[in-house]
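Respectively, the protein sequence lines represent chains A and G.
Each residue of the first sequence is one higher than the one before, counting from 4 in this note's numbering.
Each residue of the second sequence is one higher than the one before, counting from 4 in this note's numbering.
Encoded as structure tokens, the structure appears first; notes follow it.
2 protein chains.
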Amino acid sequence: MSIRNIHQLLCLLCCAAVMPVFAQTAPRINADGTVTFILSAPGARSVTVEGSFGEALKMHRDSAVWTCTTPDPLPSEMYTYRFKADKRLLTDPLNPRLVRDIDDTLSYFILDGDPGSYYQRHDVPHGEVRQVWYPSSFSTAMSRRRLSLYLPPTYGEGDRRFPVLYLLHGTGGDELSWLDMGRLAEIMDNMIASGRAVPMIVVMPNGMADQDAAPGCSPYMTAQASHSNVTSWMGRTEAAFAREVVAYVDSVCLTLTDKPHRAIAGLSMGGMHAMAISANNPDLFHYVGLFSPQAVTPLTDTNIRGIKRVTSAIGKLVDRSPLVGEKTRARYLRGAEQVADVDVYQHLDEKLREQFARAPGLYYIAIGKDDPLKTFADRFRRRLSKQGCPYYYHETEGGHCWENWRRYLIDFLPRLFK
Amino acid sequence: MSIRNIHQLLCLLCCAAVMPVFAQTAPRINADGTVTFILSAPGARSVTVEGSFGEALKMHRDSAVWTCTTPDPLPSEMYTYRFKADKRLLTDPLNPRLVRDIDDTLSYFILDGDPGSYYQRHDVPHGEVRQVWYPSSFSTAMSRRRLSLYLPPTYGEGDRRFPVLYLLHGTGGDELSWLDMGRLAEIMDNMIASGRAVPMIVVMPNGMADQDAAPGCSPYMTAQASHSNVTSWMGRTEAAFAREVVAYVDSVCLTLTDKPHRAIAGLSMGGMHAMAISANNPDLFHYVGLFSPQAVTPLTDTNIRGIKRVTSAIGKLVDRSPLVGEKTRARYLRGAEQVADVDVYQHLDEKLREQFARAPGLYYIAIGKDDPLKTFADRFRRRLSKQGCPYYYHETEGGHCWENWRRYLIDFLPRLFK
């Protein structure tokens, strides 16, 4: 080798950044099923790790490195976590797996088994994920809204058409929530490959009435997730759904467009949306899923007046507070003014009777025993029973959390389009 | 309102999480163009903010809140940054805008103007982004690889076919790099809307030979970005490109399949790949862009032997080090064994002469004055000149960084398909 070649070679290798080859994958999954967290924090006085695995764990210093191991083996699941070093939250610098949950970015890991293996990518055919923008007219400020699509692995090979599941997120979520926290693409790939679910299109719209797309993806909502679900309860999302979302998807995708091949499901606020959208469109959806549904006891005229009063009080606070940025203020007030389309919540008993008179293939309600919204779900179930509307009820452990919503999806999917 | 209604209303409002309405958007862009960073870190002893805006800034304590303002107004750009509190790096908890750059997750903000406005989403027609998996045979372990697609706003309205730009990432990057750090979808939307670029399809494959998809998206590379570009220099990505990537895209997208409607460009390692792929397929690409290209002086047999020796030494180190996890070790050794397809780098003078004999529409080379790879680019330009191969050269300020690559793209796009 000439000097010039050696110089060239060294430059090549310097560029190669070989160091990360030595990086440790974190956290460490031990042979006994416990998990060890590691954080290099030389100057810290106290460090804990907190996450979806249970109570926060105190970490112990070993020279500059802080570690701790879960006292028990963890069951199979997708776990999110963060460190708290001297009261400051931080993600795991050794773990590049990050996921956004509304406004929080969290580190995560997945433990194999049931259900964790559903959330891992395996060597099976993979579907396609698309982010598309569709024309919308329900907000004068935003002429386009974004939605995510999952297309099954055989989509586009020939003219074959597929059934469609419309899958809705909760308050503060967006068109990416089911893909990120919900592991939708991995679950679909794995369940289609094993034959537990039929190949289907999954449509994930953005259900927040005052935003058009996820944070950072929009000209309007550039920085923050929207939490103003007061405005998202006022029916605009639901009223526009059939003529905007369903019509668009049917116009651009290879969909089966008859009722037996359409399902709608949602979590929390999305459960309420799924209820209202399906009740207002009794000829559209043969399958309905309400996962930990929020406020399924419908809004009445009285409640709406009350909410308007409270919203107005919050509005005045927003208007005065020096802590509120101009954009947030403008957006909030814009949202508060656009209260409309409450029709979708009115005459609900009649609408439900009409929906159930046409015998839906499945009306599925799932909720955790510890969910603070359980009393609402119970009341809504009584209301259904009183109207003579049969439903399938799945009560589980746990509360209002993604662990449940992913499992509800896995339980729900095999019941569709059979 | 009845007591029951009030209870229901309170529950609704508790669920509404109205607090984040009051959250401040960070960092603060001041009227004079300076930027103020804010971090609540009550226990910290020293805090700095470091980022792409220049030298790290020392932050000052004001009760529990640390702040600092840039000494000068910042020019229009997309800026990434992190805080360092007592030696620990953390993203900005007040700013939900995060972007991944290889293994680092960074906070970012964008200042309007030129070029920043290109990187913002505006109210113009938006193209579609897809992640798809295509069959691949160049690695026995991975039968599918993932790529990202940008489809222009009018794609799919009728049978209209579009020209295609293949856009390649650098070492450690993946099929998401141009979308995340590169703001590809926003740049395309804005340049197509203003007429500065013609509507085109952009294909962003994964060019790392030992990974099939971005971290967290693959069954094999579940945790970490790949930095083993020693194996990614060995020609496997380039040798398979035409028969796998181009053939797949032409089979599933509405592409114009003749040479005048195909372009290829890449940054750093991707620039080297674009050079090798276009030289080995002289009938495929009419437009070629090398952005800060890496090692465009081709690998010779001698160098490859040298790299094999160094790789083998690193391999032994990987094999022995207790710091290396089993998966990393296995992957590294698998990659190191699969050195092959060096044909694409051989007889390059002849290949370049053949390529230029067919008069490419554009052969574009851009690099910054401070780029450590500039000597390679200079040498490659002399080599081109010696072979009588005309090229367009764009030399800029700055170094090996995304600020330059985004600008090179904006400079390159208007020259395509005219």
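The C-beta atom is built at its ideal place from N, Cα and C for all residues, glycine as well.
Interface criterion not met: the Cβ of residue 157 (chain G) is under 8 Å from no Cβ in chain A.
For the stretch 83 to 106 of chain A, the set of residues with a beta-carbon nearer than 9 Å to any beta-carbon of chain G comprises 88, 89, 90, 91, 92, 93, 94, 96, 98, 99, 100, 101, 102, 103, 105, 106, in chain order. About 17 Å separates the Cβ atoms of residue 365 (chain G) and residue 410 (chain G), ruling out a contact at the 8 Å cut-off. Under the Cβ criterion (8 Å, minimum of three pairs), the stretch 118 to 132 of chain A does not count as touching the stretch 88 to 107 of chain G. Using a Cβ-Cβ distance cut-off of 8 Å, the stretch 349 to 369 of chain A and the stretch 282 to 298 of chain A are in contact, since at least three pairs of beta carbons, one from each stretch, lie closer than that value. Under DSSP, residue 131 (chain A) forms a beta bridge with A:154. Residue pairing of residue 171 (chain A) in beta bridges, as defined by DSSP: A:269. The straight-line gap separating the alpha-carbon atoms of residue 261 (chain G) and residue 207 (chain G) is approximately 19 Å. Rounded to whole angstroms, residue 238 (chain G) and residue 82 (chain G) show a C-alpha spacing of 34 Å.
The criterion of a C-beta distance shorter than 8 Å is not satisfied by residue 264 (chain G) and residue 202 (chain G). Taking a contact to require three or more Cβ pairs closer than 8 Å, the stretch 62 to 78 of chain A and the stretch 31 to 41 of chain A qualify as touching. Within the stretch 45 to 130 of chain G, the runs of beta strand (DSSP E) at least 3 residues long that lie entirely inside it are, in chain order, 50 to 54, 57 to 61, 63 to 65, 68 to 72, 80 to 88, 91 to 93, 101 to 104, 107 to 114. Against chain G, a Cβ distance below 7 Å from residue 46 (chain A) picks out 89, 90. Three or more beta-carbon pairs separated by less than 8 Å link the stretch 130 to 139 of chain A to the stretch 153 to 166 of chain A, which places the two stretches in contact. Put simply, of G:275, G:211, G:282, G:141 the residue whose alpha carbon is nearest the alpha carbon of residue 352 (chain G) is G:282. Around the Cβ of residue 88 (chain G), a 10 Å sphere holds 16 or more other Cβ atoms; the residue is buried. Listed as beta-bridge partners of residue 396 (chain G) by DSSP are G:368. When secondary structure is reduced to three states using DSSP, residue 292 (chain A) falls in the strand class.
Within its own chain, the residues whose Cβ lies closer than 8 Å to the Cβ of residue 194 (chain G), once the five positions on either side in sequence are excluded, are 121, 200, 413, 416, 417, listed in chain order. Non-local C-beta neighbours of residue 267 (chain G) in its own chain, meaning closer than 7 Å and more than five positions away in sequence, comprise 169, 277, 280, 281, 288, 291, ordered along the chain.
Taking the beta carbon of residue 218 (chain G) as reference, the chain A residues within 9 Å of it are 99, 100, listed in sequence order. Leaving aside the five residues that flank residue 61 (chain G) on each side, the residues in its chain whose CB is nearer than 6 Å to its CB run, in chain order, 51.
At least 8 Å separates the CB of residue 350 (chain A) from every CB of chain G. Excluding five sequence positions before and after residue 259 (chain A), the CB atoms of its chain that fall closer than 6 Å to its own CB belong to 164, 166, given in chain order.
Take residue 248 (chain A), set aside five residues on each side of it, and the residues of its chain with a beta-carbon closer than 8 Å to its own are 137, 150, 169, 206, 208, in chain order.
Taken atom to atom, the span from the alpha-carbon of residue 297 (chain G) to that of residue 382 (chain G) is near 12 Å. Here the C-alpha atom of residue 187 (chain G) lies approximately 18 Å from the C-alpha atom of residue 252 (chain G). Counted as a single uninterrupted DSSP element, the stretch harbouring residue 415 (chain G) is not any beta strand (DSSP E) but the alpha helix (DSSP H) occupying residues 405 to 415. Judged by DSSP in its simplified three-state form, residue 419 (chain A) adopts coil rather than helix or strand. Considering only beta carbons, the part of the stretch 37 to 63 of chain G lying closer than 8 Å to chain A consists of 44, 45, 46, 47, 48, in chain order.
Distance from residue 398 (chain A) to residue 372 (chain A) at the Cβ level is roughly 6 Å; contact confirmed, criterion being Cβ atoms closer than 8 Å. For residue 136 (chain G), the closest Cβ of chain A is nearer than 8 Å. At a cut-off of 8 Å between C-beta atoms, residue 132 (chain A) counts as an interface residue with respect to chain G.
The C-alpha of residue 295 (chain A) lies about 9 Å from the C-alpha of residue 269 (chain A). Under the Cβ distance rule, residue 255 (chain G) counts among the residues neighbouring chain A, one pair being separated by less than 8 Å.
Going by C-alpha positions, residue 374 (chain A) is about 18 Å away from residue 395 (chain A).
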